[in-house]
Amino acid sequence: MVLVQFAHAGPDDKVCYVRLYLLYPRDLVDLCLFIQHCMSLLPRFLQVKDPVKQAWFKKLPSHLGIIICEERISFNDISNLIIWSFCVGIHHVSIYDSTGFIKSNGNQLYREANARKNSYLQKKASSLNIIFSDGKAPYLYNTIIKNGHKTEDVNVYLLSHEDGKQQIVKAAKILCKEARWKPEILEDFYAHQFDHYIKGSLDVPDPELLVLFGKTSALIGYLPWHIRLSEIMFQTTHHNFSFDEFQSLLCQYNKCEQRFGK
Numbered sequence: 001m002v003l004v005q006f007a008h009a010g011p012d013d014k015v016c017y018v019r020l021y022l023l024y025p026r027d028l029v030d031l032c033l034f035i036q037h038c039m040s041l042l043p044r045f046l047q048v049k050d051p052v053k054q055a056w057f058k059k060l061p062s063h064l065g066i067i068i069c070e071e072r073i074s075f076n077d078i079s080n081l082i083i084w085s086f087c088v089g090i091h092h093v094s095i096y097d098s099t100g101f102i103k104s105n106g107n108q109l110y111r112e113a114n115a116r117k118n119s120y121l122q123k124k125a126s127s128l129n130i131i132f133s134d135g136k137a138p139y140l141y142n143t144i145i146k147n148g149h150k151t152e153d154v155n156v157y158l159l160s161h162e163d164g165k166q167q168i169v170k171a172a173k174i175l176c177k178e179a180r181w182k183p184e185i186l187e188d189f190y191a192h193q194f195d196h197y198i199k200g201s202l203d204v205p206d207p208e209l210l211v212l213f214g215k216t217s218a219l220i221g222y223l224p225w226h227i228r229l230s231e232i233m234f235q236t237t238h239h240n241f242s243f244d245e246f247q248s249l250l251c252q253y254n255k256c257e258q259r260f261g262k
């Protein structure tokens, strides 16, 4: 049996501590899960006090790409990454897993992300719209806030293996069909012009920062056309990923010298 006591000294003192009373713990795994559950119920432990802190960093990625390469997926922790991204000024987040599990359960992730938004931002939650899409059109379960107040959007793209190489194949087919009727378009055709055909089938901005969570050092099919200039970082797991660790990733990105192939 476990008794957990939380205490907070007040908003000005910024002191918070946890007391754990352990009474004959029989199962260490259940104990860890119980503690994790209790912590997730208290947003004050994860709350970001001041949304949009772009002054923390000299540069920020406008699009953060997240690859989940783990069998067990935590919507709670993914939701944290979405809300934290908004809090520092990132307005495009893509979530990719090769199996399509996240995309097929997007409704559940959407509800969890909005619950986290209300917990973290509280009174400022109404200033944020979370918009889920597949890179083509917003999903029907989105609820857009229209309350007369100024709002900001976080665009969350749910992606899977079919959105990677398959999108290049689709774009190539479209180009071939057009070239069949207008052969002249191939006379002075360059790689950057292919962007037009890619965006026609998948309108997702290129991610400046790409983070892979898992023990596999591979991108497992994530949008190969979009990552030509992406900074790629690896993390062992997304489970219990903290805000401090999130900040550390952004600090690493902030220190990267991008030469763009020069």
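Numbering follows UniProt numbering, in which position 145 of the sequence shown is assigned residue number 145; successive positions increment by one, without gaps.
All C-beta atoms, glycine included, are put in the ideal place defined by N, C-alpha and C.
Looking only at I68, E112, S74, I73, the smallest Cα-Cα distance to D97 is reached by I68. Taking 7 Å as the cut-off, the Cβ atoms of A113 and S79 count as close.
Under a 10 Å Cβ-count criterion, V169 is classified as exposed, with fewer than 16 other Cβ atoms of the shown protein chains found around its own Cβ. Judged by pairs of C-beta atoms under 8 Å, the stretch 156 to 163 touches the stretch 97 to 110, as three or more such pairs exist.
For N240, there is no enclosing alpha helix (DSSP H), as DSSP marks it with neither H nor E.
In the structure shown, E208 falls within a coil segment according to DSSP collapsed to helix, strand and coil.
Listed in chain order, the non-local C-beta contacts of I144 below 8 Å within the same chain comprise N129, I131, local neighbours out to five positions each way being set aside.
For F57, there is no enclosing beta strand (DSSP E), as DSSP marks it with neither H nor E.
Here the stretch 234 to 242 does not lie against the stretch 180 to 190, with fewer than 3 beta-carbon pairs under 8 Å apart. No Cβ-Cβ contact shorter than 7 Å links L229 with F57. It is roughly 10 Å from the alpha-carbon of E187 to the alpha-carbon of A179. The three-state secondary structure of Y141, taken from DSSP, is coil.
Boundaries of the beta strand (DSSP E) around S94: 92 to 96.
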